[in-house]
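Reviewing the structure listed below.
There are 2 protein chains.
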Amino acid sequence: MSAVFDPIEQIAPPRRKLPRAARRVQLIEATIETIGAHGIARTTMGDVAKQAGLSHGLVNFHFQTKDNLLHETLLYLADEFRDNWMEAVAATGTDPAAQLDAMLRADFRPEVCTPARLSAWCAFWGEAGSRPIYQQMCGDHDAAYDLQIESLCQSLITAGAYPHSPARAARVLRTCSEGVWLDLMMPEPPYDLTEGLATLMACAQALFPLHFTAQGRIDPEI
Amino acid sequence: MSAVFDPIEQIAPPRRKLPRAARRVQLIEATIETIGAHGIARTTMGDVAKQAGLSHGLVNFHFQTKDNLLHETLLYLADEFRDNWMEAVAATGTDPAAQLDAMLRADFRPEVCTPARLSAWCAFWGEAGSRPIYQQMCGDHDAAYDLQIESLCQSLITAGAYPHSPARAARVLRTCSEGVWLDLMMPEPPYDLTEGLATLMACAQALFPLHFTAQGRIDPEI
DNA sequence: ATTTTCTGATTGAACTGTCAATCAAAATGA
DNA sequence: TCATTTTGATTGACAGTTCAATCAGAAAAT
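Protein sequences, first through last, are from chains A and B. First residue of the first sequence? That's 203 in the working numbering, and the numbers climb one at a time after it. First residue of the second sequence? That's 203 in the working numbering, and the numbers climb one at a time after it.
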């Protein structure tokens with residue numbers, strides 16, 4: 203998975219020549235920052251190059267076209283977000299409540315939940331309606347997340363004899379998470395990351411009161 | 203409030219001269235359609251004019267600049283959405299559950315919940331991170347909605363002795379609604395409007411099981 | 001010496017905003 | 001009722017700007 207805090211941007215002056223992959227990551231990170239600051243509509247190749255402290259022509263050298271740069275940036279973000287929750291689930295045991303808890307928390311880790319990343323993600327989403335390729339990438343992202351969360355909901359519903367539909371419960375959690383992201387995306391969010399996570403936990407508690415409290419899942423070992 | 207289905211576009215050929223206000227509405231509707239189809243980044247004044255079947259220069263005549271056209275379009279959408287739920291609440295009695303039910307249903311009325319409108323709304327949202335004026339308009343929209351829904355949640359929580367925080371319960375409902383909108387915005391949504399509303403009702407049921415079922419609020423008169 | 005990365009000027013296309021001319025409708029006058 | 005004037009909406013061409021992409025050559029690595 204891609205490094206969130208890239209050390210490359212710190213060194214001054216940057217090495218003239220860098221391995222292909224590292225330079226591409228640097229430029230993609232610069233693209234995320236630029237989109238976060240200006241939005242997609244007002245992001246130019248020149249802005250991205252300036253943000254990276256490199257020349258305009260280099261961006262085309264590595265990405266050929268602007269469309270391709272944006273496409274690769276979205277791919278990078280989608281991979282990062284997916285890796286993030288997948289790793290969180292993998293690092294947790296087999297208990298469904300613990301896994302769901304881990305997934306929800308993963309969404310609000312400060313590393314992936316930066317203003318620039320949220321803003322860029324949302325900007326791509328806004329364009330997804332008109333660009334089939336974005337639409338598919340955002341859709342696939344959701345689908346995998348949804349599938350995972352739905353199987354966890356199914357387990358909890360069986361365990362707790364809850365009256366919910368697994369698909370709808372999963373969708374409530376996912377949409378709620380995305381909605382909170384939209385709130386946090388604003389330069390001056392109405393509440394912080396902690397309160398965002400707490401909102402998600404309140405949602406989980408409402409759906410699965412035997413397994414979740416407002417602080418997270420109820421650990422059976424305590 | 204602005205008419206959702208504008209009769210102007212239906213008449214053919216369109217009258218050469220039209221009152222100022224009507225022409226502005228026609229151009230704003232054309233802007234919504236164009237943003238829905240191409241996204242903000244790829245929407246040009248020419249596209250809008252073409253969509254309206256009018257000349258390029260006329261758009262500038264009525265809106266001076268592209269920025270202003272976008273600004274007025276967002277204002278139009280925000281007013282429309284706000285009027286929509288406010289009218290729904292006003293048309294309902296004083297029972298909090300009935301009012302909440304009406305608000306949730308209003309969000310999914312086919313008139314305001316068209317692909318182009320959702321897509322345009324989301325496109326503005328994506329740009330909001332970088333444009334303070336958009337940010338404020340989207341934020342104000344949310345704030346008013348949130349305040350209204352929070353007071354209803356407060357009433358239900360008192361009535362049903364639910365363990366929730368009113369602010370978080372309100373936020374869960376709003377974010378869930380926004381998240382479902384994001385799903386429905388896709389050109390090929392994973393589910394339809396009815397299922398979207400059903401998801402919201404499932405959310406309301408999880409929060410307020412004494413007042414809501416998966417079909418909506420529980421009518422005390424039956 | 002050769003290949004790869006990188007720069008900055010240049011090019012050509014696209015777009016925004018302006019403006020003078022045109023035209024439909026309303027107002028006015030006979 | 002009909003002709004004339006006025007108003008302001010509308011058009012399309014144009015100027016100026018911005019931007020993506022190209023390219024020739026420099027710099028660095030191998």
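Virtual Cβ for every residue (Gly too), placed ideally from N, Cα, C. Note that the coordinates shown come from a computational prediction; the quantities given were computed from them, not determined experimentally.
Residues of the region 366-386 of chain A whose Cβ lies closer than 8 angstroms to any Cβ of chain B, in chain order: 366, 367, 370, 371, 373, 374, 376, 377, 378, 379, 380, 381, 382, 384 and 385. Rounded to the nearest whole angstrom, the CA to CA distance from residue 368 of chain A to residue 352 of chain A is 6 angstroms.
When the beta-carbon positions are compared, residue 407 of chain B and residue 415 of chain B come within less than 8 angstroms of each other. Straight-line spacing of the CA atoms in residue 291 of chain B and residue 270 of chain B works out to 31 angstroms.
Listed along the chain, the chain B residues whose CB falls inside 9 angstroms of the CB of residue 388 of chain A are 330, 331, 337, 340 and 341.
Pairing residue 297 of chain B with residue 305 of chain B, the inter-Cα distance amounts to about 12 angstroms. A/392 is the residue among A/392, A/377, A/261 and A/330 whose C-alpha sits nearest the C-alpha of residue 346 of chain B.
Taken in chain order, the members of the region 224-246 of chain A whose beta-carbon sits within less than 9 angstroms of a beta-carbon on chain B are 237, 238, 239, 240, 241, 242, 243, 244 and 245. Among the CB atoms of chain B, none fall inside 8 angstroms of the CB of residue 358 of chain A. In the structure shown, residue 414 of chain B falls within a strand segment according to DSSP collapsed to helix, strand and coil. For a cut-off of 8 angstroms, the C-beta gap from residue 373 of chain A to residue 348 of chain A is around 7 angstroms, short enough to register as a contact.
In this structure, residue 229 of chain A places its C-beta atom within 8 angstroms of the C-beta atom of residue 264 of chain A.
Residue pairing for residue 419 of chain B: DSSP places it in a beta bridge opposite B/414.
With fewer than 16 other beta carbons inside 10 angstroms of its own, residue 289 of chain B counts as exposed. The three-state reading of DSSP puts residue 390 of chain A in coil, since its state is none of H, G, I, E or B. DSSP places residue 367 of chain B in the coil class of the three-state scheme, outside both helix and strand. Proximity of residue 324 of chain B to chain A, defined by a Cβ-Cβ separation below 8 angstroms, is satisfied.
Apart from the 5 residues on each side of it in sequence, residue 241 of chain A sits with its Cβ closer than 6 angstroms to the Cβ of 325 in its chain, given in chain order. Taking the CA atoms as reference points, residue 315 of chain A sits about 27 angstroms from residue 409 of chain B. For residue 363 of chain A, the nearest beta carbon of chain B is not closer than 8 angstroms to its own beta carbon. Distance check between residue 266 of chain B and each of B/231, B/226 and B/237 places B/226 closest, using alpha-carbon atoms only. By the criterion of a C-beta distance shorter than 7 angstroms, residue 400 of chain A is surrounded in its chain by 416, once the five residues flanking it on both sides are discounted. Scanning its chain for C-beta atoms nearer than 8 angstroms, with the 5 sequence neighbours on each side dropped, one finds around residue 366 of chain A the residues 355, 359 and 409, in chain order. Just measuring C-alpha positions, the residue of B/405, B/343 and B/244 sitting nearest residue 285 of chain B is B/343. Look at residue 246 of chain A here: in three-state DSSP terms it is coil, with no helix or strand label.
Of all residues in the region 298-327 of chain B, only 321, 324, 325 and 327 come within less than 7 angstroms of chain A when Cβ atoms are compared, listed by chain position.
Excluding the 5 residues flanking it on each side, residue 222 of chain B has same chain C-beta neighbours closer than 8 angstroms at 264, in chain order. In the displayed model, residue 221 of chain A falls within coil according to three-state DSSP, outside both helix and strand.
Between residue 355 of chain B and chain A, the shortest Cβ-Cβ separation is not below 8 angstroms.
A check of alpha carbon separations from residue 330 of chain B across A/252, A/422, A/389 and A/258 identifies A/389 as the nearest. Shown here, residue 266 of chain B sits in coil according to DSSP, grouped into three states, outside any helix or strand. Judged by beta-carbon spacing, residue 404 of chain B lies beyond the 8 angstroms limit of residue 299 of chain A, meaning their Cβ atoms are not closer than that value.
For residue 412 of chain A, same chain residues with a beta-carbon under 6 angstroms away, outside a window of 5 residues either side, are 362 in chain order. Under the Cβ criterion of 8 angstroms, residue 404 of chain B is counted among the residues facing chain A.
For residue 387 of chain A, same chain residues with a beta-carbon under 6 angstroms away, outside a window of 5 residues either side, are 320, 321 and 324 in chain order.
In the DSSP assignment, residue 326 of chain B falls within the alpha helix (DSSP H) that extends over 317-330.
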